[in-house]
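Residue numbers (my numbering): 1 to 70.
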(Lines of atoms letter the chains of each structure in order from A and count residues from 1; the text may use other names and numbers.)
(Lines give C-alpha, C1' and ligand atoms only; values in the text may rest on other atoms or scores of the structure.)
Protein backbone atom coordinates (compact mmCIF):
# COMPACT_ATOMS: atom_id res chain seq x y z
CA UNK A 1 0.00 0.00 0.00
CA UNK A 2 2.97 2.34 -0.04
CA UNK A 3 2.08 3.35 -3.63
CA UNK A 4 -1.33 4.62 -2.45
CA UNK A 5 -1.35 8.42 -2.18
CA UNK A 6 -2.34 9.93 1.16
CA UNK A 7 -5.84 11.20 0.45
CA UNK A 8 -7.11 12.02 3.92
CA UNK A 9 -7.43 15.57 2.60
CA UNK A 10 -8.55 14.82 -0.95
CA UNK A 11 -8.91 18.54 -1.74
CA UNK A 12 -5.13 18.94 -1.62
CA UNK A 13 -4.16 20.04 -5.16
CA UNK A 14 -0.90 18.04 -5.04
CA UNK A 15 -2.78 14.77 -4.50
CA UNK A 16 -5.62 15.05 -7.02
CA UNK A 17 -3.51 14.70 -10.21
CA UNK A 18 -2.38 11.25 -9.02
CA UNK A 19 -5.94 9.98 -9.58
CA UNK A 20 -5.88 10.82 -13.30
CA UNK A 21 -4.06 7.55 -14.01
CA UNK A 22 -6.62 4.93 -15.15
CA UNK A 23 -4.81 2.15 -13.27
CA UNK A 24 -5.02 4.10 -10.02
CA UNK A 25 -8.72 4.81 -10.59
CA UNK A 26 -9.64 1.14 -11.10
CA UNK A 27 -7.26 -0.18 -8.49
CA UNK A 28 -8.26 2.13 -5.66
CA UNK A 29 -11.98 2.64 -6.31
CA UNK A 30 -11.93 6.24 -7.54
CA UNK A 31 -13.85 7.59 -10.55
CA UNK A 32 -13.19 10.97 -12.12
CA UNK A 33 -15.99 12.89 -13.85
CA UNK A 34 -15.59 16.11 -15.80
CA UNK A 35 -18.16 18.88 -15.41
CA UNK A 36 -19.09 21.19 -18.29
CA UNK A 37 -16.54 23.75 -17.13
CA UNK A 38 -13.78 21.04 -17.10
CA UNK A 39 -13.88 20.87 -13.32
CA UNK A 40 -12.93 17.40 -12.03
CA UNK A 41 -15.33 15.61 -9.69
CA UNK A 42 -14.05 12.62 -7.71
CA UNK A 43 -16.32 9.74 -6.72
CA UNK A 44 -15.19 7.15 -4.15
CA UNK A 45 -16.39 3.52 -3.91
CA UNK A 46 -18.29 3.04 -0.63
CA UNK A 47 -20.32 -0.14 0.05
CA UNK A 48 -20.43 -1.16 -3.61
CA UNK A 49 -21.44 2.21 -5.08
CA UNK A 50 -19.68 5.45 -5.95
CA UNK A 51 -20.28 8.42 -3.62
CA UNK A 52 -19.61 12.14 -4.11
CA UNK A 53 -18.32 13.38 -0.74
CA UNK A 54 -18.75 16.87 0.65
CA UNK A 55 -15.61 18.97 0.91
CA UNK A 56 -15.65 18.78 4.73
CA UNK A 57 -15.96 14.95 4.77
CA UNK A 58 -13.02 12.86 5.92
CA UNK A 59 -12.12 10.09 3.47
CA UNK A 60 -10.21 6.99 4.53
CA UNK A 61 -8.97 4.14 2.31
CA UNK A 62 -10.04 0.77 3.76
CA UNK A 63 -8.29 -1.46 1.19
CA UNK A 64 -9.29 -3.41 -1.92
CA UNK A 65 -10.73 -0.32 -3.61
CA UNK A 66 -13.09 0.50 -0.72
CA UNK A 67 -13.39 3.83 1.08
CA UNK A 68 -14.98 5.13 4.26
CA UNK A 69 -16.47 8.63 4.34
CA UNK A 70 -17.20 10.36 7.67
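C-beta atoms are modelled at their ideal positions from N, C-alpha and C, and glycine is treated no differently.
query                                                                                                   : result
Close Cβ partners of residue 37 (< 7 Å) along its chain, the five nearest in sequence each way excluded : none
Cβ-based neighbour list, residue 52, same chain, cut-off 6 Å, excluding 5 preceding and 5 following     : 43
Heavy atom of the ligand ATP within 7 Å of residue 28 beta-carbon                                       : Absent from the structure shown: the ligand ATP. Ligands present: none.
Residues sharing a beta bridge with residue 68, DSSP                                                    : 60
Beta-carbon proximity list for residue 62, same chain, < 8 Å, skipping 5 on both sides                  : 68
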